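Heads up, the sequence shown is in this note's numbering, so the first residue is 591 and it goes up one at a time.
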Amino acid sequence: MSEPTSTGRAEGGPATADPRADRFLRACRREPVDTTPVWFMRQAGRSLPEFRAVRQHASLIEITRDPALCAEVTLQPVRRLGVDAAILFADITTPFTGLGVAFDIKPGVGPVIDSPIASSDDIARLRPFDPEETVSPLLEAIRLVRAESPVPLIGFAGAPFTLACYLIEGGPSREFLRTKTFMHAEPAAWAALMEVLVETTIRYLRAQVAAGAQAVQLFDSWVGGLGPRDYAHHVAPWMGRLFDGIADLGVPRTHFGVGTAGLLRLQAAAGGDVIGLDWRITLADGWALVGDRAVQGNLDPALLLGPFGAVADTTRWILDQAGGRPGHIFNLGHGVLPETDAEDLRRLVDFVHDHTP
Ligand code: CP3
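Here you go:
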């Protein structure tokens, strides 16, 4: 992969001497690193006291519409935890506004859609997504983070299947029965919805990279609910189109899912330079399945609710499996749980840096 030109600013800026400046990007490209890079999905959030203080006076949606506040919240975990990458503060549902989909993010619940999608007419009514019109404060936040951050900035989006789960279920779901039924009962409408979401996500990620994001991650958080046959027929081709649509940007692309041990080979074939591994598969087995890619994961976030000794033991076991082979980014297998003690996250960052084989 060629060096993205959009990284120019950080390299010339104040970040040059910080060893964290390019560890993450080098590992994404499977280049040798001084020590294993580490960051955490959902690192900016309720586990940080300074985030809770911001949330006293601003909702998630308000934060994403205030560039300075959004940049500040994005950088909070970089300062407190010492992680090797920042992730833009937003939600996977943030672009929905641009499609004309009204929703709210309910504390402790998650995104709730006012009028869930139930028919092809609902899909025909979705508006074409224009990033400048819908998320310009977020793009400005990216520029602010880039001017200040000692570490690379990851942009992100929800993957089409996971976005479709929210649009069709209307809110959180355990089984995704409406979504699966829609996929099988209305294949043409499903294809039309995937088409809209692929196009939206390509535009959204291209805008983030143009504004300065140095890597991107696609969160297909709920795709592990599908069997391999449905994934191969109804999701993988769209993921392929999505990854192709951002390939020329030259930034590393991470393909993340949860509960995907049975899908990893198909996911890797669909696309991504870095493949996410949750904790239901060993790093060694997961890496063997995805082959010539970088991998990211795979500590169970629940371990951080227990004694640090268990976190340290399992982290050492994961690092030993990686064995210093280029292309491992340490992360949790899913997002930081809200009950996590920020001090344990900070200790974990140090532990990973100190125990790389
Ligand atoms: O990683 C980060 O620190 C950046 C910010 C970020 C948020 N959401 C902020 C958020 C990211 C990367 C996301 C992604 C996201 N959102 C995913 C994919 C990652 C995953 O966990 O699988 C998903 C599925 C969502 C949907 C979502 N948004 C849920 C299920 C919830 C409720 C659970 C929760 O954590 O509260 C949200 C709300 C949300 N997104 C919050 C934050 C900080 C909490 C809202 C609040 O503070 O009011």
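No residue lacks a Cβ here, since even glycine has one placed at the ideal position from N, Cα and C.
These figures come from a predicted structure and were not determined experimentally.
{"Item": "Proximity test, F920 beta-carbon vs the ligand CP3 heavy atom, cut-off 7 Å", "Value": "no"}
{"Item": "T930 to H918 span [Cα, whole Å]", "Value": "24 Å"}
{"Item": "At least 3 beta-carbon pairs within less than 8 Å: the region 759–776 vs the region 632–645", "Value": "no"}
{"Item": "Those residues which DSSP pairs with T790 across a bridge", "Value": "Note: T790 sits in no beta bridge, so no partner."}
{"Item": "Other residues of its chain near E873: CB distance less than 8 Å, five sequence neighbours each side excluded", "Value": "Correcting the residue identity first, residue 873 is Leu in this sequence and not Glu. So the qualifying residues of the chain are L867, V885, G887, N888, I908, Q911, A912 and H918."}
{"Item": "Opening and closing residue of the alpha helix (DSSP H) in which Q666 lies", "Value": "P657 to L671"}
{"Item": "Candidates P701, F679, L743 and P685, of which the one nearest R613 by Cα", "Value": "L743"}
{"Item": "Where L808 falls: helix, strand or coil (DSSP)", "Value": "strand"}
{"Item": "Local Cβ density within 10 Å of E593, reported as buried at 16 or more and exposed below that", "Value": "With a pLDDT of 36 at E593, under the threshold of 50, the predicted position of this residue should be treated as unreliable, and no value is reported."}
{"Item": "Same chain, Cβ closer than 6 Å to G925, five either side skipped, listed in chain order", "Value": "M631 and R632"}
{"Item": "Residues near G690 by beta carbon distance below 6 Å, same chain, minus five either side", "Value": "R717"}
{"Item": "Cβ pair P657, E738 closer than 8 Å", "Value": "no"}
{"Item": "Any C-beta of chain E under 8 Å from that of G852", "Value": "Absent from the structure: chain E. Only one protein chain is present."}
{"Item": "L922, DSSP secondary structure in three states", "Value": "strand"}
{"Item": "Straight-line Cα distance separating L638 from P667", "Value": "8 Å"}
{"Item": "Residues near C660 in its chain [Cβ-Cβ closer than 6 Å; skip 5 each side]", "Value": "I653, T654, F679 and A731"}
{"Item": "Selection from I695, P685 and T664 that minimises the alpha carbon distance to V786", "Value": "P685"}
{"Item": "Nearest-angstrom Cα separation, counted from P947 out to R784", "Value": "For the sequence presented, residue 784 should be read as Met rather than Arg. Distance between the alpha carbons of M784 and P947: 42 Å."}
{"Item": "V628 Cβ short of 7 Å to the ligand CP3 heavy atom set", "Value": "no"}
{"Item": "CB of V880 within 8 Å of CB of V628, strictly", "Value": "no"}
{"Item": "D810 beta carbon less than 8 Å from that of A749", "Value": "yes"}
{"Item": "Own chain residues within Cβ distance below 8 Å of S710, not counting five before or after", "Value": "E776, A778, A779 and A782"}
{"Item": "Contact test: Q633 Cβ vs the ligand CP3 heavy atom, cutoff 7 Å", "Value": "yes"}
{"Item": "Residue nearest to A611 in terms of C-alpha spacing, selected from A675, L665 and Q807", "Value": "A675"}
{"Item": "Local conformation of D882 per DSSP, three classes", "Value": "coil"}
{"Item": "For L935 and L671, believed in contact at Cβ under 8 Å, the rounded distance", "Value": "5 Å"}
{"Item": "Closer than 7 Å: A749 CB and nearest the ligand CP3 heavy atom", "Value": "no"}
{"Item": "Enclosing beta strand (DSSP E) for H845 [first to last residue]", "Value": "R843 to G847"}
{"Item": "Alpha-carbon spacing of R883 relative to I865, whole angstroms", "Value": "7 Å"}
{"Item": "Simplified DSSP assignment, three categories, for A747", "Value": "strand"}
{"Item": "Distance cut-off 7 Å: D903 Cβ against heavy atoms of the ligand CP3", "Value": "no"}
{"Item": "Complete runs of the beta strand (DSSP E) confined to the region 728–779 [at least 3 residues]", "Value": "743–748"}
{"Item": "Residues bridged to L889 (per DSSP)", "Value": "L922"}
{"Item": "Pair within 8 Å by beta-carbon distance, P706 and E759", "Value": "yes"}
{"Item": "Cβ-heavy atom distance, G533 to the ligand CP3, below 7 Å", "Value": "Because residue 533 is not part of the residues shown, which for the chain are 591 to 947, the question remains open."}
{"Item": "Separation of L856 from C618, as counted between CA atoms", "Value": "20 Å"}
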